[in-house]
Amino acid sequence: MTAYVIRRIGIMLLLLLLLTLVVFVLFNLLPGDPARLYCGKVCTPDGIIAIRHKIGLDQPVIQQYWEFLRGLFVGRTFAPTSPDPIECHAPCLGYSFQRREEVLPLILRALPVTIWLALGAFVLWIAAGISLGIYAALRRGRWQDKTVTGISLIGYSLPSFFLGLLAIFFIILRFQLLPFPSYISPLENPVQFLQTMILPWIVLAILYAAFYMRLTRNQMLEVLGEDYIRTARAKGLPERKVIGKHALRAGLTPIVTAAGLDLAGLLGGAIITEAIFSLPGMGSLAIDSVLKSDLPVIVGITLVSAVFIIVANLVVDLLYAVIDPRVRLS
Amino acid sequence: MTLLQVRDLSVTFPTEDGRVQAVDKVSFSIERGRTLAVVGESGSGKSVTSQAIMGLIDRQSAEISGEILFDGHDLVCASDKELRGLRGLRMSMIFQDPLSSLHPFYRIGAQLVEAVQVHHKVSKADARVRAIDMLTKVGIPAPEKRVDDFPHQLSGGMRQRVMIAMALINDPELLIADEPTTALDVTVQAQILTLISELQDQLGMAVILITHDLGVVAEVADEVAVMYGGRVVETGGLNDVFLQPQMPYTLGLLSSVPRLTHDVAGRVDPIPGNPPSPINLPAGCVFCPRCAYSDRVSGDLCQKTRPELLEFSPGHLVRCHLDAPQRQAISASVLAQLAGGQ
Chain V
0 MTAYVIRRIG IMLLLLLLLT LVVFVLFNLL PGDPARLYCG KVCTPDGIIA IRHKIGLDQP
60 VIQQYWEFLR GLFVGRTFAP TSPDPIECHA PCLGYSFQRR EEVLPLILRA LPVTIWLALG
120 AFVLWIAAGI SLGIYAALRR GRWQDKTVTG ISLIGYSLPS FFLGLLAIFF IILRFQLLPF
180 PSYISPLENP VQFLQTMILP WIVLAILYAA FYMRLTRNQM LEVLGEDYIR TARAKGLPER
240 KVIGKHALRA GLTPIVTAAG LDLAGLLGGA IITEAIFSLP GMGSLAIDSV LKSDLPVIVG
300 ITLVSAVFII VANLVVDLLY AVIDPRVRLS
Chain Y
0 MTLLQVRDLS VTFPTEDGRV QAVDKVSFSI ERGRTLAVVG ESGSGKSVTS QAIMGLIDRQ
60 SAEISGEILF DGHDLVCASD KELRGLRGLR MSMIFQDPLS SLHPFYRIGA QLVEAVQVHH
120 KVSKADARVR AIDMLTKVGI PAPEKRVDDF PHQLSGGMRQ RVMIAMALIN DPELLIADEP
180 TTALDVTVQA QILTLISELQ DQLGMAVILI THDLGVVAEV ADEVAVMYGG RVVETGGLND
240 VFLQPQMPYT LGLLSSVPRL THDVAGRVDP IPGNPPSPIN LPAGCVFCPR CAYSDRVSGD
300 LCQKTRPELL EFSPGHLVRC HLDAPQRQAI SASVLAQLAG GQ
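Below, the structure is given as structure tokens:
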């Protein structure tokens with residue numbers, strides 16, 4: 000088991016290295032000259048050349064990649080020979096020349112908002128999705144099943160921007176049940192935090208809950224037909240234990256996979272939900288940077304999001320081994 | 000003393016394609032300490048019958064009628080809670096495929112301990128002692144180690160032994176074994192059957208053995224019930240049914256057993272045709288469409304009228320329109336043919 004974990008971590012590190020390369024190459028192939036963007040409206044050809052030199056764009060691509068990698072570990076300095084060199088501390092994800100700020104602190108400011116949003120929604124959708132899924136499976140084919148499945152289909156088809164706008168319109172504007180969302184850290188003002196987050200949580204959770212409800216229902220239906228469930232009943236176990244222990248444990252694996260990857264995906268930013276509720280998270284930062292063509296920030300966000308996905312993959316695979324002993328031994 | 004009496008048990012599943020009559024007025028009984036073999040092809044209703052006795056059929060999706068008297072209590076009318084209290088405690092069941100019947104994610108010890116703790120208020124440690132004890136009893140080597148294994152770490156025979164240990168851990172009065180050796184190697188089959196017989200002698204329990212393997216029946220059964228198309232078509236003591244088979248279907252089953260003594264070409268004599276679909280059972284005798292002797296019955300009695308299960312000799316009941324002398328003659332000629340092969 001230990002060897003397996005070590006091997007998996009090794010593979011993960013290799014993958015991360017490969018990832019930096021892919022991201023770097025990808026963004027180098029993009030049309031548009033960063034120097035031009037940096038230069039602003041009044042720009043001479045000489046000025047662009049000067050800027051290219053200043054931020055190192057005149058170096059060979061391999062040299063640039065090396066600098067980029069080095070920056071991740073030891074930090075780097077842009078335009079070291081100029082009168083105003085720009086320090087980027089390790090781990091340097093890049094420097095936004097438009098915002099005149101290092102990328103990492105920008106991301107670190109946005110990340111907690113996204114983490115709160117994702118975690119809250121995650122708890123909601125897992126609780127709702129799994130319990131409704133079990134409920135529907137137990138009443139398969141009857142009206143309760145059809146109702147839950149039908150509602151989930153609606154929830155699944157409703158775009159979150161539509162749901163979000165509906166929520167804002169009715170709950171905040173029309174009936175004024177909640178104040179207008181304005182993000183604040185839960186450590187500073189927990190009440191305002193909850194008031195701000197509750198709608199985004201629900202809106203985000205509905206979409207996922209619908210999917211998890213169907214996933215859980217199908218899993219449970221499959222597992223409930225298994226021979227070991229019959230054995231559990233033949234032992235005289237109460238139905239509550241047959242379902243909650245024997246069936247759920249066996250049906251959990253794909254749910255854990257999906258949950259891990261979905262949560263990781265969300266940590267990269269729930270773009271639409273964040274935009275609608277003006278939450279200053281990763282999604283909003285990403286949109287903002289795309290609109291401004293602020294490449295270094297986009298590179299940084301891409302890298303961080305990808306790291307979440309890769310780490311989540313590892314965690315999910317390790318959880319497999321915890322859930323299913325057959326994985327542990329093979 | 001009669002432990003279990005099944006009377007006119009019917010199980011019907013309403014489906015979109017029509018009503019599936021899986022079990023049709025089945026009656027039999029079994030005494031403490033005895034072994035009843037229920038024999039039949041796939042789809043003859045033998046598994047559904049056994050699951051109905053255990054109360055494992057979802058009553059929402061099936062209609063169950065008739066009587067299942069277990070030690071005087073009617074299980075058809077019993078509440079889920081009553082049935083749960085009996086299952087695993089006074090009656091237990093083992094299944095065909097021991098690998099899929101054991102939960103793949105739990106250690107066998109945990110599964111055994113759970114079986115004890117459902118019915119007895121004992122500590123985990125005590126239940127574990129009982130589990131190891133039981134694993135020893137079913138002949139698992141190094142049980143104190145094996146108890147912490149997962150099912151996939153054991154061989155097929157060992158897994159079935161674990162299933163038996165789990166079924167018998169609370170000293171049940173009735174064990175239903177649903178094709179317990181079908182999924183196992185031939186060499187292991189005999190071991191498992193011997194084990195069940197030994198434990199039956201030790202514990203004095205009644206055993207219902209569901210099988211399609213007549214060799215197994217001959218080895219262990221006291222009584223035999225032959226099922227076809229959801230009905231019992233012949234029942235009686237082992238010798239009655241095997242030495243004086245009366246129903247053409249039973250004769251067909253006996254003829255279709257491979258015999259090493261025959262020459263290779265004529266080794267097996269299968270019954271022509273297929274078992275009836277449980278959705279559209281024939282109106283008369285369920286076996287009529289495949290029966291080679293139905294033309295000896297006058298008129299369309301076989302096609303139109305359902306034969307009753309009638310006593311042929313004390314304890315030996317037959318469901319057939321042929322009259323006794325006709326059956327005797329057919330039986331004698333078929334048995335002579337079988338013996339002639341030697």
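If you read the protein sequences in the order shown, they are chains V and Y.
Going by numbering that gives the first Met the number 0, the first sequence opens with residue 0, and the numbers climb by one from there.
Going by numbering that gives the first Met the number 0, the second sequence opens with residue 0, and the numbers climb by one from there.
Beta carbons are placed, not taken as given, at the ideal position from N, Cα and C, and that holds for glycine.
Only a predicted model underlies this, so the values are computations on that prediction, with no experimental measurement involved.
### Query
Roughly how many whole angstroms lie between the Cα atoms of residue 34 of chain V and residue 305 of chain V?
Taking the first sequence and counting its residues from 1, the one referred to as residue 34 of chain V is at position 35. Taking the first sequence and counting its residues from 1, the one referred to as residue 305 of chain V is at position 306. Just so you know, the alpha carbons of residue 34 of chain V and residue 305 of chain V end up roughly 26 Å apart.
### Message
Taking the straight line between their C-alpha atoms, what separation do you get for residue 194 of chain Y and residue 258 of chain V?
### Response
Here residue 194 of chain Y is taken as the residue at index 195 of the second sequence, counted from 1. Here residue 258 of chain V is taken as the residue at index 259 of the first sequence, counted from 1. Approximately 46 Å, taken between the alpha carbons.
### Task
Could you give the DSSP three-state label for residue 9 of chain Y: helix, strand or coil?
Residue 9 of chain Y sits at position 10 when you count from the first residue of the second sequence. In this structure, DSSP gives residue 9 of chain Y an extended state, which the three-state scheme calls strand.
### Query
Does the stretch 11 to 20 of chain Y come close enough to the stretch 57 to 64 of chain Y that 3 or more CB-CB pairs lie under 8 Å?
Using a Cβ-Cβ distance cut-off of 8 Å, the stretch 57 to 64 of chain Y and the stretch 11 to 20 of chain Y are in contact, since at least three pairs of beta carbons, one from each stretch, lie closer than that value.
### Query
Tell me, which residues are paired with residue 15 of chain Y by DSSP?
Translated into the one-based positions of the second sequence, residue 15 of chain Y becomes position 16. According to DSSP, residue 15 of chain Y shares a beta bridge with no other residue.
### Query
Roughly how many whole angstroms lie between the Cα atoms of residue 43 of chain V and residue 64 of chain V?
Numbered from its first residue, the first sequence carries residue 43 of chain V at position 44. Numbered from its first residue, the first sequence carries residue 64 of chain V at position 65. Roughly 27 Å between the two C-alpha positions.
### Query
What does residue 322 of chain V reach in chain Y if we use C-beta pairs closer than 8 Å?
Along the first sequence, read from residue 1 onward, the residue named residue 322 of chain V stands at position 323. Ordered by position in chain Y, the residues that pass the 8 Å Cβ test against residue 322 of chain V are 104.
### Query
Who are the Cβ neighbours of residue 94 of chain Y in its own chain at under 6 Å, not counting the five residues just before and after it?
Translated into positions along the second sequence, residue 94 of chain Y becomes position 95. Same-chain partners within the cutoff: 100 and 177.
### Task
For the stretch 115 to 131 of chain V and the stretch 188 to 203 of chain V, state whether three or more C-beta atom pairs, one from each stretch, are separated by less than 8 Å.
When C-beta atoms of the stretch 115 to 131 of chain V are compared with those of the stretch 188 to 203 of chain V, three or more pairs fall below 8 Å, so the two segments count as touching.
### Message
Helix, strand or coil for residue 45 of chain V? Go by DSSP, reduced to three states.
### Response
Here residue 45 of chain V is taken as the residue at index 46 of the first sequence, counted from 1. Helix.
### Message
Please identify, using Cβ separations under 9 Å, the residues of the stretch 206 to 229 of chain V that lie next to chain Y, in order along the chain.
### Response
The stretch 206 to 229 of chain V vs chain Y, Cβ under 9 Å: 225, 226, 227, 228 and 229.
#### Entry: Coil, strand or helix - residue 64 of chain V by DSSP
Residue mapping note: residue 64 of chain V aligns to position 65 of the first sequence, counting from 1. Residue 64 of chain V: helix per DSSP, three-state reduction.
#### Entry: Same chain, Cβ closer than 7 Å to residue 306 of chain Y, five either side skipped, listed in chain order
For the purposes of this step, residue 306 of chain Y is taken as the residue at position 307 of the second sequence. Here the set comprises 284, 318, 319 and 320.
### Task
Check the Cβ-Cβ distances between residue 235 of chain V and every residue of chain Y, and say whether any is below 8 Å.
On the first sequence, position 236 is the one that residue 235 of chain V refers to. Taking Cβ atoms only, chain Y reaches closer than 8 Å to residue 235 of chain V, which makes this a yes.
### Query
residue 286 of chain Y versus chain V: which residues are under 8 Å apart at the beta carbon?
By one-based count along the second sequence, residue 286 of chain Y stands at place 287. Close partners of residue 286 of chain Y in chain V (Cβ separation under 8 Å) are lacking, with about 30 Å as the shortest Cβ gap.
### Message
Below 9 Å on C-beta distance, what does residue 86 of chain Y contact in chain V?
### Response
Locating residue 86 of chain Y in the second sequence gives position 87, counting from the first residue. Neighbourhood of residue 86 of chain Y in chain V, by CB distance below 9 Å: 232, 233, 234, 235 and 236, in chain order.
### Message
Judging by CA-CA distance, which residue of V:22, V:132 and V:87 is the nearest neighbour of residue 71 of chain V?
### Response
Counted from its first residue, the first sequence places residue 71 of chain V at position 72. When only C-alpha atoms are compared, the closest one is V:87.
### Query
Do you know whose CA, among V:225, V:51 and V:274, lies nearest residue 250 of chain V's CA?
Counting from 1 along the first sequence, the entry for residue 250 of chain V is found at position 251. The shortest Cα separation from residue 250 of chain V among V:225, V:51 and V:274 belongs to V:225.
### Task
Check the C-beta distance from residue 162 of chain Y over to residue 139 of chain Y and give it rounded, since I have them as a contact under 8 Å.
Numbered from its first residue, the second sequence carries residue 162 of chain Y at position 163. Numbered from its first residue, the second sequence carries residue 139 of chain Y at position 140. Going by Cβ atoms, the distance from residue 162 of chain Y to residue 139 of chain Y rounds to 11 Å, so no, they are not a contact pair.
### Task
List the endpoints of the continuous beta strand (DSSP E) containing residue 87 of chain V.
Numbered from its first residue, the first sequence carries residue 87 of chain V at position 88. Residue range 85 to 87 is occupied by the beta strand (DSSP E) that includes residue 87 of chain V.
### Query
Comparing alpha-carbon positions, which option in V:187, V:94, V:209 and V:91 lies nearest residue 149 of chain V?
Start at 1 with the first residue of the first sequence, and residue 149 of chain V comes out as number 150. The shortest C-alpha separation from residue 149 of chain V is found at V:209.
### Task
Kindly say whether residue 325 of chain V, judged by its beta-carbon, lies nearer than 8 Å to any beta-carbon of chain Y.
Position 326 of the first sequence, counted from the start, is the residue given in the question as residue 325 of chain V. Cβ-Cβ to chain Y under 8 Å: yes for residue 325 of chain V.
### Task
Compute the distance between the beta-carbons of residue 231 of chain Y and residue 134 of chain Y, then report whether it is under 8 Å.
Taking the first residue of the second sequence as position 1, residue 231 of chain Y is located at position 232. Taking the first residue of the second sequence as position 1, residue 134 of chain Y is located at position 135. With respect to the 8 Å criterion, residue 231 of chain Y and residue 134 of chain Y are not classified as neighbours on the basis of their beta carbons.
### Query
For a contact meaning CB atoms closer than 8 Å, what does residue 133 of chain Y contact in chain V?
Here residue 133 of chain Y is taken as the residue at index 134 of the second sequence, counted from 1. The contacting residues do not exist; residue 133 of chain Y stays about 14 Å from chain V at best.
### Query
Does DSSP put residue 222 of chain Y in a helix, a strand or coil?
Taking the second sequence and counting its residues from 1, one reaches residue 222 of chain Y at position 223. Secondary structure at residue 222 of chain Y: strand, using DSSP grouped into helix, strand and coil.
### Query
Which residue or residues does DSSP assign as beta-bridge partners of residue 20 of chain Y?
The residue you call residue 20 of chain Y lines up with position 21 of the second sequence. According to DSSP, residue 20 of chain Y bridges with Y:11.
### Query
Quick one, which of Y:69, Y:44, Y:43 and Y:39 has its alpha-carbon nearest residue 53 of chain Y's?
Within the second sequence, the letter at position 54 stands for residue 53 of chain Y. Relative to residue 53 of chain Y, the option among Y:69, Y:44, Y:43 and Y:39 whose CA is nearest is Y:69.
#### Entry: Cut-off 6 Å between Cβ atoms - residues of its own chain near residue 105 of chain Y, not counting five sequence neighbours on either side
In the second sequence, residue 105 of chain Y corresponds to position 106, counting from 1. Once the five neighbours on either side are set aside, residue 105 of chain Y has no close Cβ partner at all.
### Query
Taking DSSP as the reference, what is the three-state secondary structure of residue 63 of chain Y?
Reading the second sequence from its first residue, position 64 is the one you call residue 63 of chain Y. Strand, per DSSP.
### Query
In chain V, which residues lie with their C-beta within 7 Å of the C-beta of residue 83 of chain Y?
Position 84 of the second sequence, counted from the first residue, corresponds to residue 83 of chain Y. Simply 235 and 237.
### Message
My parser needs the alpha helix (DSSP H) runs of 4 or more residues fully inside the stretch 105 to 185 of chain Y; what are they?
### Response
With a minimum length of 4 residues, the unbroken runs of alpha helix (DSSP H) contained wholly in the stretch 105 to 185 of chain Y fall at 107 to 118, 123 to 136, 142 to 145 and 155 to 167.
### Message
Excluding the 5 residues flanking residue 127 of chain V on each side, which residues of the same chain have their C-beta closer than 6 Å to its C-beta?
### Response
Taking the first sequence and counting its residues from 1, one reaches residue 127 of chain V at position 128. Cβ within range, chain order: 208.
### Query
Can you find a CB in chain Y that lies within less than 8 Å of the CB of residue 88 of chain V?
Taking the first residue of the first sequence as position 1, residue 88 of chain V is located at position 89. Residue 88 of chain V does not count as touching chain Y.
### Message
If I follow the unbroken beta strand (DSSP E) through residue 78 of chain V, where does it start and stop?
### Response
Taking the first sequence and counting its residues from 1, one reaches residue 78 of chain V at position 79. From DSSP, residue 78 of chain V is part of no beta strand (DSSP E); its letter is neither H nor E.
### Query
So what's residue 208 of chain V in DSSP terms, helix, strand or just coil?
The residue given as residue 208 of chain V occupies position 209 in the first sequence. Residue 208 of chain V falls in the helix class under three-state DSSP.
#### Entry: Cβ-based neighbour list, residue 118 of chain Y, same chain, cut-off 7 Å, excluding 5 preceding and 5 following
Residue numbering aside, residue 118 of chain Y sits at position 119 when the second sequence is read from its first letter. The beta carbon of residue 118 of chain Y is closer than 7 Å to those of 87, 88 and 169 in its chain, skipping five residues each way along the sequence.
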